[in-house]
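Structure first, then comments.
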Amino acid sequence: MAYKAHQAPIAQLPVELLSYIFVLSAHTPDPRASEEDTQQEGSDDISPCLTSSATTPDVLASVNKHWRGVALNTPQLWTRICITIGDVMYHKEGSMFSVVSRYLSRSGRCPLDIFVDARDPEWDFSETDSIGAVVSPYIDLYDYTHPFKAEHMHHVLNILMPHVHRFRSLAILTDRWAPMQTALDCLSMEIPALPLLETLILMRCNEFASYHSEFSPADRKDPTHLPFSALLPRSDGAQADVAPVLPRLKKLVLSGVHTQWSRLPQLLPAQDAPMDTLELSYHCSEVRPSERECRALLERCTRLQELKIRVSGPKSPQSPQSCSSAHGERPLSFPHLERIVMGYDDPYTSATVLDMFDAPNVRHLTLEDSSSPAREDRLDAEPLLRACAVSSARCGESSFPRVEALSLQRVDASAEAFGMLFRALPALRSVSVSQMFLLGSSALRPNVRITFEPSVLPPSDLVHVDTIDADGELVASKLALPREGLQGVGVKPAPVLVESVPRMLW
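Numbering of the sequence shown is given in my numbering, commencing with residue 5 and proceeding in unit increments.
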């Protein structure tokens, strides 16, 4: 009797079904990773490449001959391309970034998700390498060389750019400005159209650079390059008849990266194919958009669903160091905007941005003091709280009458200012408080749920208080909060989860 080898059930599946299983296994987020990401605002917000392992396609293709054949004939399996410093540090034989070339060839004509992470966890926040530099004869010699240099960025983008017409998402994260400048140079060259690009994220992950008034490095402050500027009309007079450069763009994030703000709206899709997410963050005063440029940008995005501005935005006339601007313009209508995040280093600036538009359907509002941790003087947020409470567009009515969730982080203002804000939010259901005292809570309705994040209690002392005594003695003593801020309010401290958070992924 001839021996018949046992065949696993999966080997009997049709090729089409096995191919579909491969794609699901490679591109479906890991549930355990998703749970961790909920504590970090989700890495998938940066790139789809971060939701699953980058090596899964290669693993599937190496199991046996049959699986390899199926994998190589499934171009959708190879569409997520992740480049990190590991591609540079652990490069041995063959051409550098050979994995990138392999994935590009195997992905056929499918849309691509590109993630370039040029960050080094050991980076010392310097802009140049310090080889041979001796700070003091009493200090050990410290040499640091960043593994991902500008030439590496140029190399990998030279490989990627011939396929730019297939880009669906592009995220580039750097520590230093030089690699980002190189990326901007490459993206500004003569390239074909980008009909599929939906997400563009450019992040210089050094928020400390934004706390200085002057841009660093000083000789690179001029925004001489705009991504994809080669596709723009040569003269401003030709703008009206030119199709949008990025017709399908849904999400734009410029963090620590400045550009030609006056021309940026020309890149964005028309209002009948709207962009839904815009983030401007961590721009030092010297390279921020003017008030007119900021308004022109928002005017192109009136169907936004999410707006985030952290340590950015124009200087307002009320600020001590302000620029002149025109007032009296009608606020823009943002009927679809549901989420606003304002991380301010100047409350007047953030208030000026809010005064530019009318967004009555916002559901989630986040206010953060994002100023320098080294700041010693008090930053009074009352101008911002007033702008959130009273709408200049609707004759003094509530700015955000439908806000259900309010998040406050390090916000410093008087109890009267907080009370004014709370009374102007009739639909408020929950308040999240972090690194601050909760003042003015007497203006909150009794059914509003308050959460302190992170809890100031050690894990062994976590408590859930459904009802508290009239003077708030119990919770005030546990949380070290002012007693008057807790009267008649149910408080549920959130558990503390100590996790390592990647820089600038929050």
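In this text, a Cβ means the ideal position worked out from N, Cα and C, and glycines have one as well. Just so we're clear, the structure is a prediction, and the values are computed from it rather than from any experiment.
message: Please confirm whether residue 346 has its beta-carbon closer than 9 Å to some beta-carbon of chain C.
response: Annotation note: the requested chain C is absent from the structure, which comprises a single protein chain.
message: Taking the alpha helix (DSSP H) that residue 109 belongs to, which residues open and close that run?
response: Translated into positions along the sequence shown, residue 109 becomes position 105. From DSSP, the alpha helix (DSSP H) with residue 109 extends over 102-110.
- prompt: Does DSSP put residue 84 in a helix, a strand or coil?
  reply: Indexing the sequence shown from 1 puts residue 84 at position 80. In the structure shown, residue 84 sits in a strand (DSSP, three-state: E or B).
query: Among 373, 303 and 259, which one has its Cα closest to the Cα of residue 266?
result: In the sequence shown, residue 266 corresponds to position 262, counting from 1. With distances taken between Cα atoms, residue 266 lies closest to 303.
message: Considering just the uninterrupted stretch of the beta strand (DSSP E) at residue 157, what are its terminal residues?
response: As a position in the sequence shown, residue 157 is number 153, starting the count at 1. No beta strand (DSSP E) contains residue 157, which is instead part of the alpha helix (DSSP H) from 154-164.
- request: Take residue 368 and list the residues in its own chain whose beta-carbon comes closer than 6 Å to its own, dropping the five residues that flank it on each side.
  value: Taking the sequence shown and counting its residues from 1, the one referred to as residue 368 is at position 364. Answer for residue 368: 343 and 409, listed in chain order.
query: Would you call residue 275 buried or exposed, if buried means 16 or more other Cβ atoms sit within 10 Å of its Cβ?
result: Taking the first residue of the sequence shown as 1, we reach residue 275 at position 271. Counting Cβ neighbours within 10 Å, residue 275 comes out exposed, since fewer than 16 surround it.
query: Excluding five sequence neighbours on each side, which residues of the same chain lie with their C-beta closer than 7 Å to the C-beta of residue 215?
result: Taking the first residue of the sequence shown as position 1, residue 215 is located at position 211. Closer than 7 Å at the Cβ level, and outside the excluded window around residue 215, lie 376.
- request: Under 8 Å by Cβ, that's how I've got residue 121 and residue 88 pegged, so tell me the actual separation to the nearest angstrom.
  value: Within the sequence shown, residue 121 is the residue found at index 117, counting from 1. Within the sequence shown, residue 88 is the residue found at index 84, counting from 1. With 8 Å as the limit, residue 121 and residue 88 qualify as a contact, their Cβ atoms being about 5 Å apart.
- prompt: When DSSP builds the beta bridges, which residues end up paired with residue 394?
  reply: Here the question's residue 394 lines up with position 390 in the sequence shown. 402.
- prompt: Would you call the CB atoms of residue 184 and residue 206 closer than 9 Å?
  reply: Here residue 184 refers to the residue found at position 180 when the sequence shown is read from its first residue. Here residue 206 refers to the residue found at position 202 when the sequence shown is read from its first residue. Contact: yes.
Cα-Cα separation between residue 308 and residue 67, rounded to whole angstroms: Against the sequence shown, residue 308 aligns to sequence position 304. Against the sequence shown, residue 67 aligns to sequence position 63. One C-alpha to the other measures close to 45 Å.
- prompt: Taking the continuous beta strand (DSSP E) assigned at residue 203, which residues delimit it?
  reply: Sequence index remark: in the sequence shown, residue 203 carries index 199 (1-based). Run containing residue 203: 203-208, per the beta strand (DSSP E) assignment.
task: Enumerate, from N- to C-terminal direction, the unbroken alpha helix (DSSP H) stretches of 4 or more residues contained entirely within the segment 49-81.
output: 60-65 and 69-76
message: Alpha carbons only, please: which of 124, 54, 49 and 17 is nearest the one belonging to residue 32?
response: If you number the sequence shown from 1, residue 32 lands on position 28. That would be 54, whose Cα lies nearest to the Cα of residue 32.
message: Can you check which of these residues, 391, 418 and 187, is closest to residue 179 by C-alpha distance?
response: Sequence index remark: in the sequence shown, residue 179 carries index 175 (1-based). It is 187.
- prompt: Using DSSP with H/G/I as helix, E/B as strand and the rest coil, what is residue 261?
  reply: Residue numbering aside, residue 261 sits at position 257 when the sequence shown is read from its first letter. Residue state for residue 261 is assigned as coil, using DSSP reduced to three classes.
Supposed contact pair residue 100 and residue 159 - C-beta distance, whole angstroms, cut 8 Å: Here residue 159 corresponds to residue number 155 of the sequence shown, with the count starting at 1. Here residue 100 corresponds to residue number 96 of the sequence shown, with the count starting at 1. So it is a contact: roughly 6 Å between Cβ atoms.
- request: Would you give the residue range spanned by the beta strand (DSSP E) that residue 436 belongs to?
  value: As a first step, residue 436 must be located in the sequence shown, where it is residue number 432. It spans 434-438 - the beta strand (DSSP E) in which residue 436 sits, taken as one unbroken run.
Rounded distance between the beta-carbons of residue 177 and residue 209, thought under 8 Å: Start at 1 with the first residue of the sequence shown, and residue 209 comes out as number 205. Start at 1 with the first residue of the sequence shown, and residue 177 comes out as number 173. About 6 Å separates the two Cβ atoms, so the contact holds.
task: Find the nearest neighbour of residue 351 within the set 339, 414 and 301, judged by alpha-carbon distance.
output: The residue you call residue 351 lines up with position 347 of the sequence shown. Nearest of 339, 414 and 301 to residue 351, Cα basis: 414.
message: I'd like the list of long-range same chain contacts for residue 286, defined as Cβ closer than 6 Å, with 5 residues on each side in sequence excluded.
response: The count along the sequence shown starts at 1 and reaches residue 286 at position 282. Excluding sequence neighbours, residue 286 sits near 211, 214, 259, 260 and 315.
Contact set for residue 278: own chain, Cβ-Cβ below 6 Å, skip 5 residues either direction: Reading the sequence shown from its first residue, position 274 is the one you call residue 278. Correct list, in chain order: 307.
- request: Find out if the Cβ-Cβ distance for the pair residue 273, residue 253 is shorter than 9 Å.
  value: Numbered from its first residue, the sequence shown carries residue 273 at position 269. Numbered from its first residue, the sequence shown carries residue 253 at position 249. Yes, the pair counts as a contact, with Cβ atoms nearer than the cut-off.
- prompt: Can you tell me the Cα-Cα spacing of residue 451 and residue 392, whole angstroms?
  reply: The residue given as residue 451 occupies position 447 in the sequence shown. The residue given as residue 392 occupies position 388 in the sequence shown. Their backbone Cα atoms lie some 21 Å apart in a straight line.
task: On a CA-only basis, which of 264, 312 and 305 is nearest residue 294? Give me that one, please.
output: By one-based count along the sequence shown, residue 294 stands at place 290. For residue 294, the nearest C-alpha among the options comes from 264.
Where residue 306 sits in the DSSP three-state scheme: Within the sequence shown, numbered from 1, the residue matching residue 306 stands at position 302. Residue state, collapsed to three classes: coil.
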